[in-house]
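Per the working numbering, residue 22 is the first one in the sequence shown, and the count goes up by one each step.
Take a look at the structure set out below.
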Amino acid sequence: MTLMTRSEIKLRKNRGDSYVDYKGNLIPARHMKPLLDTCRCSCKTKFDDNYRQSLFNTFWKLKDYSAKVLFICKLINVCEKKYDRRRNLDHPSRRQFTYQYHLNTNEEMCKICFCNTFDVTHDFLKLAIQKSMCNLIPTDNRGAHNKKKSKKN
22 MTLMTRSEIK LRKNRGDSYV DYKGNLIPAR HMKPLLDTCR CSCKTKFDDN YRQSLFNTFW
82 KLKDYSAKVL FICKLINVCE KKYDRRRNLD HPSRRQFTYQ YHLNTNEEMC KICFCNTFDV
142 THDFLKLAIQ KSMCNLIPTD NRGAHNKKKS KKN
């Protein structure tokens, strides 16, 4: 294992390459995961692996975090929920929207297979959707702090 600078670690992490973190742990490279055999949208029969691989490569070639978030947000449709089946009308439901995941086609994909295609987490998707709904341009604030002054004894 070799020591890397912080900027090199950040570049490798953003590209999805393997890198050694500041603790010395080897973090493996990102790779497209297989689709589920049984999911509610039957994604395995709808989507070709070559097409998914090209989208995966396009996503991980993007240089910065904000470009990745915008790429993902373009593939997610946020719709009002269709049904309201509350039994107690005094307590409003916390769920406001329905999220539809697509791969530049009209075919809908389930969330798990969408995450497996891009090798991202559910939290990344949730944060990307929240930022897009608030019309915030997401920026990568990692490592953007000022240096602390050292205390003199």
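All C-beta atoms, glycine included, are put in the ideal place defined by N, C-alpha and C.
Quantities reported herein were computed from a predicted structural model and do not represent experimental measurements.
- Within the DSSP secondary-structure output, H123 pairs in a beta bridge with E129.
- Counting every other CB atom within 10 Å of its CB across the protein chains shown gives K102 a total below 16, marking it as exposed.
- With contacts defined as CB atoms closer than 9 Å, F77 and D140 qualify as a contacting pair.
- One thing to note: A149 has its Cβ within 9 Å of the Cβ of I97.
- Closest in C-alpha terms to C64, from the list I48, Q117, L124, T26, comes L124.
- Cβ atoms of S153 and C94 come within 8 Å of each other, at about 4 Å.
- Ranking L146, T142, E128, N156 by CA distance to the CA of D69 puts E128 first.
- Note on C62: 16 or more other CB atoms within 10 angstroms of its CB, so buried under the neighbour-count rule.
- Pairing Q121 with C155 gives a Cβ-Cβ distance that is not under 9 Å.
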